[in-house]
Amino acid sequence: MSSQTDFVKLKKVSSQVRRDIVRMVHACQSGHPGGSLGCTEYFVALYYSVLKHNTHFTMEGKGEDLFFLSNGHISPVWYSVLARAGYFQVAELASFRQLNTRLQGHPTTHEHLPGVRIASGSLGQGLSVALGAAQAKKLNDDKATIYVLMGDGEQQEGQVWEAAMYAAHNKVSNVIATIDYNGQQIDGPVDQVLSLKDLKAKWEAFGWHVLECDGNNIEELVATLDLAKSLSHKEKPLMILMKTIMGKGVDFMMGSHKWHGVAPNDVELEKALAQLPETLGDY
Amino acid sequence: MIKFQYTDKKDTRSGFGVGLHELGKQNPNVVALCADLIGSLKMDAFKKEFPDRFFQIGIAEANMMGIAAGLTIGGKIPFTGTFANFSTGRVYDQIRQSIAYSDKNVKICASHAGLTLGEDGATHQILEDVGMMKMLPGMTVIVPCDYAQTKAATLALGDHIGPTYLRFGRPVWPIFTEGRPFTIGKADVMIEGNQVTIIANGHMVWQAIEAEAILAEKGISAEIINIHTIKPLDVEAILKSVQKTGCVVTCEEHQMNGGLGDSIAQVLARHYPAPIEFIAVDDSFGESGKPMDLLKKYGLSPENIVNATERVIKRKS
Chain H
-13 MSSQTDFVKL KKVSSQVRRD IVRMVHACQS GHPGGSLGCT EYFVALYYSV LKHNTHFTME
47 GKGEDLFFLS NGHISPVWYS VLARAGYFQV AELASFRQLN TRLQGHPTTH EHLPGVRIAS
107 GSLGQGLSVA LGAAQAKKLN DDKATIYVLM GDGEQQEGQV WEAAMYAAHN KVSNVIATID
167 YNGQQIDGPV DQVLSLKDLK AKWEAFGWHV LECDGNNIEE LVATLDLAKS LSHKEKPLMI
227 LMKTIMGKGV DFMMGSHKWH GVAPNDVELE KALAQLPETL GDY
Chain E
744 MIKFQYTDKK DTRSGFGVGL HELGKQNPNV VALCADLIGS LKMDAFKKEF PDRFFQIGIA
804 EANMMGIAAG LTIGGKIPFT GTFANFSTGR VYDQIRQSIA YSDKNVKICA SHAGLTLGED
864 GATHQILEDV GMMKMLPGMT VIVPCDYAQT KAATLALGDH IGPTYLRFGR PVWPIFTEGR
924 PFTIGKADVM IEGNQVTIIA NGHMVWQAIE AEAILAEKGI SAEIINIHTI KPLDVEAILK
984 SVQKTGCVVT CEEHQMNGGL GDSIAQVLAR HYPAPIEFIA VDDSFGESGK PMDLLKKYGL
1044 SPENIVNATE RVIKRKS
């Protein structure tokens, strides 16, 4: 709960996670730093404050809150937070995207990486999976909550809206979805590629309870996630439109779609790390 | 004389409906999902008895596959039901990523496959589904031949772990496998013979049985094998038969590219090269018409099987 949350610690973790992200992507010269940096506070808030979870991973996660990542390309931030939270050794982060790794470019269950329950990468599928997991929780009389993160560009996928319609109709209210609302996608600003127009109105029209917050302000983010929790398990599914800045924390990456899927070179890595204090020790 | 007498005719989809209902009684983890085709998929009985375990998804098949994948995480065994076209082609990427690659125990149950869907025409007569599904790593693919076998296959899926594609159809069709053992991955030799191996699945098994009667009158001894499971394939049974007969005819209600015939040809090429002929739709879409007329027009009649058999026997060296 937010009143007990140690925000100093969360900020320290966030700084280290950002270092991990940049170093992972640099080491293999591939991956997606922009969205990962932007969503760092969200993942840290989830795994260090919000989720009722167990690092002794089981697929079912009985009695636990479950998290699904739909926009799988931001795997660096998830892997870093899973490792830092104790799901596996942080040293394994060095294997990201390398041959024989469990840390595949996009998350998968195929290599049995603890913390991952579904493959994602091809966009638009995560919300549907989350709804299925939520329905199973209900059938099992398990009162835990399902969390799912999607991208804003991902809202262009039709399946998202199939799931949106289903969740409201069936009152799947044990789901708290979040959209990383950074306004960027590969080919440019979302508004230029294919505008989402009034995204809040769209989700409300589909029958969801919509909250908004600054996803890079961890106090506000945790408060919003707590509020969502208090509103969940009632009638409506919950949606958080989470404004973030792509590339947050590294000045030359911030706010631009250019760093969606590009790795920094050696000089850029040093410039980035100089802005991100090493708080928990690099892997 | 036809060696299998049938006492009744029913649609294979009804076998699925009865099997699913039965499985629902046996296993509380079995759940069912449907995309607005409850009546067509014969899921009414399950829905009526287990309303809490039945999910009406609406016309949103992609969402249905995702929800099914998610349900497995909570230990459920989801059976999705819609037409074969919407069960495969429409949702291939969802099946590939959220089900197959994610190793989810989802049973994709697909009706109205193939030409015998009839009057609705080519938009719905999918003839590529088996190919798409058998290419997915880890996917089991089953095409039962009649009401009884479809029921048996559905029941068998309750204990089978792993993603599975179960394909069946719309028309009423002779029931001739009642009481025969059914094991996923095990071929069933329906009629023994020694001059040609005729391998069939789905509705084409009955066509092959009728063809065998014509062949027998002509003095040709044909072995009829029902390969209901295309993947994993019963390689041993295929080789055992072809080592005896020396040639093969495959029969399927599917494109020639990518179906049962391809799988059998691969086995022969690798282990026991022998002449093979293919009874299948040859790189064409279907069209509206009555099921039997369509099978005839597209070369899937017993007479076509007889002709192919005579050709393949001549090719034996």
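Residue numbers (the working numbering), protein chains in the order written: chain H, -13 to 269; chain E, 744 to 1060.
The beta carbon of each residue, even a glycine, is placed where N, CA and C say it ideally should be.
With a threshold of 8 Å between beta carbons, is residue i in contact with chain E?
i           : result
Leu259(H)   : no
Val115(H)   : yes
Ala149(H)   : yes
Tyr152(H)   : yes
Gln178(H)   : no
Ser(-12)(H) : Low per-residue confidence applies at Ser(-12)(H): pLDDT is 49, beneath 50, and the placement is therefore not dependable enough to give any value.
Gln111(H)   : yes
Gln170(H)   : no
Gln145(H)   : yes
Val(-6)(H)  : no
Taking the beta strand (DSSP E) that residue i belongs to, which residues open and close that run?
i          : result
Asp200(H)  : His195 to Asp200
Lys974(E)  : Thr972 to Lys974
Gly1002(E) : Taken as a continuous stretch (DSSP letters only), Gly1002(E) belongs to no beta strand (DSSP E), as it is neither H nor E.
Asp886(E)  : Note that residue 886(E) is Val in the sequence shown, not Asp. Here Val886(E) belongs to no beta strand (DSSP E), and DSSP marks it neither H nor E.
Arg839(E)  : Premise fails: Arg839(E) is in no beta strand (DSSP E) and is neither H nor E.
Pro62(H)   : It is not in any beta strand (DSSP E) - Pro62(H) instead sits in the alpha helix (DSSP H) that spans Ser61 to Arg70.
Glu966(E)  : Ala965 to Asn969
Lys850(E)  : Lys850 to Ser854
Val932(E)  : Asp931 to Ile934
Check the Cβ-Cβ distances between residue i and every residue of chain H, and say whether any is below 8 Å.
i          : result
Asp795(E)  : yes
Phe798(E)  : yes
Leu763(E)  : no
Ile810(E)  : yes
Ala805(E)  : yes
Ser757(E)  : no
Val1055(E) : no
Gln1009(E) : no
Ser984(E)  : no
Gln938(E)  : no
Ser841(E)  : yes
Gly813(E)  : yes
Which residues of chain H have a Cβ atom closer than 9 Å to the Cβ of residue i, listed in chain order?
i         : result
Lys819(E) : Gly118, Gln121, Ala122, Leu125 and Asn126
Gly801(E) : Glu148, Met151, Tyr152 and His155
Give me the chain H residues within the contact set of residue i, using Cβ-Cβ distance strictly less than 7 Å, ordered along the chain.
i         : result
Tyr844(E) : Thr94, His96 and Ala105
Asp836(E) : Ser108
Gly901(E) : Here the premise fails: no neighbours, minimum Cβ distance about 17 Å.
Gly905(E) : In chain order: nothing, as chain H lies at least about 13 Å away.
Could you name the residues of chain E that residue i contacts, counting a contact when the two beta carbons are closer than 9 Å?
i         : result
Tyr133(H) : Those within 9 Å of Tyr133(H) in chain E number zero; the least Cβ separation is about 13 Å.
For residue i, which residues in chain E fall below 8 Å Cβ to Cβ?
i         : result
Met45(H)  : Ile816
Gln142(H) : Within 8 Å Cβ-Cβ: nothing; Gln142(H) doesn't reach chain E, min ~14 Å.
Can you pull the chain H residues whose beta carbon is under 8 Å from the beta carbon of residue i, in chain order?
i         : result
Gln892(E) : Those within 8 Å of Gln892(E) in chain H number zero; the least Cβ separation is about 29 Å.
Is it the case that the CB of residue i approaches a heavy atom of the ligand SAH more closely than 7 Å?
i         : result
Leu224(H) : Absence of the ligand SAH is noted for the structure shown, with no ligands found whatsoever.
Taking residue i as the query, report the chain E residues whose CB atoms sit under 7 Å from its CB, ordered along the chain.
i         : result
Gln294(H) : This structure cannot settle anything about residue 294(H), because the visible part of chain H is limited to -13 through 269.
Please confirm whether residue i has its beta-carbon closer than 8 Å to some beta-carbon of chain B.
i         : result
Gly989(E) : As a matter of chain content, chain B is missing from the structure shown, whose protein chains are H and E.
What are the start and end residues of the alpha helix (DSSP H) that includes residue i?
i          : result
Ser22(H)   : Pro19 to Gly24
Asn1050(E) : Pro1045 to Arg1058
Lys1039(E) : Pro1034 to Lys1040
Ala980(E)  : Val978 to Thr988
Phe54(H)   : Careful: Phe54(H) lies outside any alpha helix (DSSP H), inside the beta strand (DSSP E) at Leu52 to Leu55.
Val176(H)  : Val176 to Val179
Ser0(H)    : Phe(-7) to Cys14
Ala954(E)  : Met947 to Glu960
Met875(E)  : Asp872 to Lys877
Near-chain E residues of the segment 185 to 201 of chain H (beta-carbon distance less than 8 Å), N- to C-terminal order: none
Segments of 3+ residues assigned as beta strand (DSSP E) that fall wholly inside the segment 96 to 151 of chain H: 132 to 137
Segments assigned alpha helix (DSSP H), at least 4 residues, entirely inside the segment 803 to 832 of chain E: 804 to 816 and 827 to 830
Whole beta strand (DSSP E) elements within the segment 749 to 804 of chain E, 3-residue minimum: 752 to 754, 773 to 777 and 797 to 799
Cβ-based contacts, 7 Å cut-off: residues of the segment 1014 to 1046 of chain E near chain H: none
Length-filtered (4 minimum) alpha helix (DSSP H) runs lying within the segment 190 to 267 of chain H: 204 to 217 and 252 to 259
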